[in-house]
Amino acid sequence: VKHELARLGPETTLIVITHKTTMLDVASRVIVIEQSQVVADGPKEMVLQQLKEGKVRVQEASNG
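In terms of this note's numbering, the sequence shown is residues 12 to 75.
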């Protein structure tokens, strides 16, 4: 799937909703939604850095 998405090129806008972080490889912008609220939005690198630094808080999924 990632290969096919990458083939679309930069002139194509595509919205992908996923929990799989591997899909971020083809993203230029990331929007993080937590409990129906946008908690982060911006270029992929910026949002990932905010998550890493704890500037954006998200709940961990429970396996129960």
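Every residue, glycine too, gets a C-beta built ideally from N, C-alpha and C.
- Inclusion of VAL12 and VAL43 in the CB contact set at 8 Å is not warranted, their separation being larger than that value.
- In the DSSP assignment, ALA51 is bridged to VAL43.
- VAL12 sits in coil when the DSSP states are folded into three classes, being neither helix nor strand.
- If you draw a straight line from the Cα of THR32 to the Cα of GLU22, it is about 23 Å long.
- Taking C-alpha positions only, LEU25 is separated from ARG40 by approximately 11 Å.
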